[in-house]
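With the first letter of the sequence shown counted as 1, position 228 gets the number 230 in my numbering; the numbers rise by one all the way through. Even glycine gets a Cβ: it sits at the ideal position worked out from N, Cα and C. To start, the structure itself, in C-alpha cells.
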Amino acid sequence: MGMNLFIHGGTVIDGTGAEPFAASVLVQDSKIMATGAQADRQVIHLDQVKRIDASGLTVMPGLIDSHCHLSFDDASSNLEIFHQRRNALSALVASYNAKKLLRAGVTSILDPDSVFANSIDLRDAINAGYVEGPRMACGAYALITAIGGTAGGLIANEGITGYYKVVHGEREIVQEVRRQIKDGADWIKVHVSGLVPHYAHLGERCSWSQKELDLICEVAHDMGVPVMGHCRGAEAVRRAVNANFDLLFHATGMDDEAEQAIIEKRIPVCPSLTFQANIAEFGGQIGTSQALIDLFKNEIQDSIEPMKRLIAAGVPLICGSESGFTAVPYGDWHHREMEVFVRYFGMTPLQAIRSATADNAFAMKMSGQLGLVQPGCYADLLCIDGDPSQDIGLLGQTQRIRHVIKNGQPVDLSPLPPHDRLSGWHIPTMGNRISKEALMPLS
Ligand SMILES: [Zn+2]
Numbered sequence: 003m004g005m006n007l008f009i010h011g012g013t014v015i016d017g018t019g020a021e022p023f024a025a026s027v028l029v030q031d032s033k034i035m036a037t038g039a040q041a042d043r044q045v046i047h048l049d050q051v052k053r054i055d056a057s058g059l060t061v062m063p064g065l066i067d068s069h070c071h072l073s074f075d076d077a078s079s080n081l082e083i084f085h086q087r088r089n090a091l092s093a094l095v096a097s098y099n100a101k102k103l104l105r106a107g108v109t110s111i112l113d114p115d116s117v118f119a120n121s122i123d124l125r126d127a128i129n130a131g132y133v134e135g136p137r138m139a140c141g142a143y144a145l146i147t148a149i150g151g152t153a154g155g156l157i158a159n160e161g162i163t164g165y166y167k168v169v170h171g172e173r174e175i176v177q178e179v180r181r182q183i184k185d186g187a188d189w190i191k192v193h194v195s196g197l198v199p200h201y202a203h204l205g206e207r208c209s210w211s212q213k214e215l216d217l218i219c220e221v222a223h224d225m226g227v228p229v230m231g232h233c234r235g236a237e238a239v240r241r242a243v244n245a246n247f248d249l250l251f252h253a254t255g256m257d258d259e260a261e262q263a264i265i266e267k268r269i270p271v272c273p274s275l276t277f278q279a280n281i282a283e284f285g286g287q288i289g290t291s292q293a294l295i296d297l298f299k300n301e302i303q304d305s306i307e308p309m310k311r312l313i314a315a316g317v318p319l320i321c322g323s324e325s326g327f328t329a330v331p332y333g334d335w336h337h338r339e340m341e342v343f344v345r346y347f348g349m350t351p352l353q354a355i356r357s358a359t360a361d362n363a364f365a366m367k368m369s370g371q372l373g374l375v376q377p378g379c380y381a382d383l384l385c386i387d388g389d390p391s392q393d394i395g396l397l398g399q400t401q402r403i404r405h406v407i408k409n410g411q412p413v414d415l416s417p418l419p420p421h422d423r424l425s426g427w428h429i430p431t432m433g434n435r436i437s438k439e440a441l442m443p444l445s
C-alpha cells in the first residue's frame with residue numbers, strides 16, 4: 003500500500019499553460035488523486051497522510067528534459083565518449099549523475115543515445131527501484147552512415163563506437179532497428195545529418211537517402227516504436243519529415259519547404275539550443291574560440307524567425323538541454339531551454355513551462371499522463387520557492403527547490419557525497435603549444 007501525500011497552501015502551475023491558482027494537491031500511491039476543493043474534501047477520509055506545507059511555494063509538474071545523455075558524464079569531447087569510456091563504469095557513473103537531475107527538479111528524461119546503449123539498463127534499474135533517478139525513455143545506439151555524423155572524421159567506417167552504430171544498406175538497417183527494439187529501445191535515434199570531413203565548410207548535410215530513412219521508419223513503426231532524428235539543414239529536415247519521423251532535434255537551417263513540411267505534419271521539434279546559448283554567453287570565459295562562439299550565436303539568431311513560425315502554427319516545441327557535456331553539466335542547465343524559448347522565441351514563461359512539462363510528456367510516450375497537475379496523472383511534482391511564471395530563471399536556482407516528488411514518492415534532496423576523478427576517464431592533454439620563440443627568445 004503506497005503513501006498518501008497532501009500538498010497544501012501552495013500555488014499551482016498545472017503545466018497546461020493556464021495561469022497559476024491556489025490549490026491543494028492530493029496524491030495517492032503514484033498518481034494525483036485530486037486537486038483544489040476536491041482534494042481538501044477527500045483528504046479528510048484518508049489515514050496515513052503525509053502533509054507538505056507549500057505556503058509561499060509554487061507546486062508544478064516535475065521538469066522533463068527531452069534531450070539528456072546520461073551516460074556521457076559531462077564529456078569535453080566526442081573522443082572521450084568514443085575511446086575513454088567503459089560500459090559498466092559509465093553505467094555506474096550515470097546512476098550517480100541521475101540523482102543530480104532529481105535534485106534539479108528533473109523527474110523525467112529522454113536519453114536519445116548512450117555509451118554502449120547502457121541507458122536502457124539504467125532505465126530498467128530505476129524502474130525496478132535498484133537505483134534512484136528520473137523516469138527514462140531511451141534510444142539505443144544512434145544510427146549513422148559511414149560518411150560521418152556530428153562527429154565528422156571521428157566516425158568509424160563500421161560497427162559500434164561510443165553511442166553510435168554505423169549501418170550499411172537495407173539489410174543492416176532492418177537488422178539493427180529490430181535488434182534495438184528487442185533490446186528495449188523506446189525510440190530509434192538517427193543522425194540524419196552530419197559534418198562530412200573535407201566538406202565541413204558546407205555545414206551539416208543529410209547523410210542518408212530518402213529510401214533508407216523511409217525503411218528505418220517503416221521497420222520501427224511496424225513495431226509501434228517512434229523514430230527521432232538529429233537534423234540540421236533543409237534537406238535533412240525535409241527527408242526526415244517525408245519518412246515520417248516522430249520527433250526532430252535541432253531542425254536548424256530549414257528552408258520554407260522544410261518548415262512547411264513540419265507544420266503540415268505537426269511534428270514536435272526539440273531545438274536543443276541550451277548548448278549553443280551557453281557557449282555563446284560563457285564561451286569567452288572557458289576558452290572557446292571566437293569562431294565557434296560566433297557559429298553558435300548565429301545558429302540561435304537564425305532559428306528565431308523559423309521557430310516563431312512553428313510556434314504560431316501550433317507545432318509543439320519541446321525542451322531538451324543536451325546535458326552530458328562540459329558546456330551543459332548535469333543538474334545545472336535543465337531550465338535553460340525554457341529561458342531560450344522565452345528570450346528568443348517570444349514564449350511566455352507559462353508557455354515555456356508547458357513545453358518542459360505537458361508537451362514534453364510526448365517524448366516519454368506518456369502524453370496526457372505526465373507533466374500535468376491534474377487528477378489521474380502521475381505524481382511527478384516539484385515545489386519551488388518563488389513564482390516561475392514571473393521569472394523562468396528561478397527554475398535554475400536549485401536551492402529554491404524545496405520538494406521533489408517522483409511517482410508519488412518524496413525524493414531525498416540532501417547533497418550528494420563528493421567523488422574523486424576517475425583515472426583514464428577524461429582525455430589527457432599535453433598542455434598548450436610550446437613556442438620556441440617564447441621560451442628561447444633570440445638574444
Ligand atoms: Zn544529443
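Helix, strand or coil for residue i, going by three-state DSSP, please let me know.
i: residue 299; result: helix
i: residue 6; result: strand
i: residue 168; result: strand
i: residue 434; result: coil
i: residue 340; result: helix
i: residue 310; result: helix
i: residue 33; result: strand
i: residue 98; result: helix
i: residue 371; result: coil
i: residue 304; result: helix
i: residue 398; result: helix
i: residue 404; result: strand
i: residue 105; result: helix
i: residue 60; result: strand
i: residue 387; result: strand
i: residue 346; result: helix
Measuring straight from C-alpha to C-alpha, what distance separates residue i and residue j?
i: residue 170; j: residue 50; result: 59 Å
i: residue 133; j: residue 243; result: 37 Å
i: residue 140; j: residue 69; result: 10 Å
i: residue 148; j: residue 225; result: 26 Å
i: residue 387; j: residue 59; result: 5 Å
i: residue 190; j: residue 55; result: 42 Å
i: residue 438; j: residue 287; result: 27 Å
i: residue 88; j: residue 429; result: 14 Å
i: residue 128; j: residue 293; result: 41 Å
i: residue 446; j: residue 301; result: Given a span of 3 to 445 for the chain in the structure shown, any question on residue 446 remains unanswerable.
i: residue 67; j: residue 108; result: 7 Å
i: residue 41; j: residue 28; result: 5 Å
i: residue 177; j: residue 154; result: 25 Å
i: residue 339; j: residue 322; result: 6 Å
i: residue 78; j: residue 102; result: 19 Å
i: residue 36; j: residue 6; result: 11 Å
i: residue 290; j: residue 158; result: 26 Å
i: residue 138; j: residue 434; result: 40 Å
i: residue 312; j: residue 265; result: 7 Å
i: residue 45; j: residue 211; result: 58 Å
Would you call residue i buried or exposed, if buried means 16 or more other Cβ atoms sit within 10 Å of its Cβ?
i: residue 307; result: exposed
i: residue 309; result: buried
i: residue 43; result: exposed
i: residue 120; result: buried
i: residue 248; result: buried
i: residue 162; result: exposed
i: residue 442; result: exposed
i: residue 365; result: buried
i: residue 3; result: The predicted model places residue 3 with a pLDDT of 49, which falls under 50 and marks its position as unreliable, so this point remains unresolved.
i: residue 125; result: buried
i: residue 47; result: exposed
i: residue 165; result: buried
i: residue 130; result: exposed
CB residue i to CB residue j, shorter than 8 Å?
i: residue 150; j: residue 196; result: yes
i: residue 383; j: residue 403; result: no
i: residue 64; j: residue 360; result: no
i: residue 223; j: residue 246; result: yes
i: residue 80; j: residue 145; result: no
i: residue 256; j: residue 229; result: no
i: residue 143; j: residue 115; result: yes
i: residue 192; j: residue 208; result: no
i: residue 104; j: residue 413; result: yes
i: residue 122; j: residue 75; result: no
i: residue 33; j: residue 379; result: yes
i: residue 284; j: residue 327; result: no
i: residue 73; j: residue 12; result: no
i: residue 299; j: residue 314; result: no
i: residue 62; j: residue 111; result: no
Is the shortest distance between the beta-carbon of residue i and the beta-carbons of chain D less than 8 Å?
i: residue 210; result: Among the chains in the structure shown there is no chain D, since it carries only a single protein chain.
Give a yes or no on contact between the region 341-360 and the region 379-397, applying the rule of three or more CB pairs nearer than 8 Å. yes
Do the region 270-279 and the region 245-260 touch if we need at least three Cβ pairs shorter than 8 Å? yes
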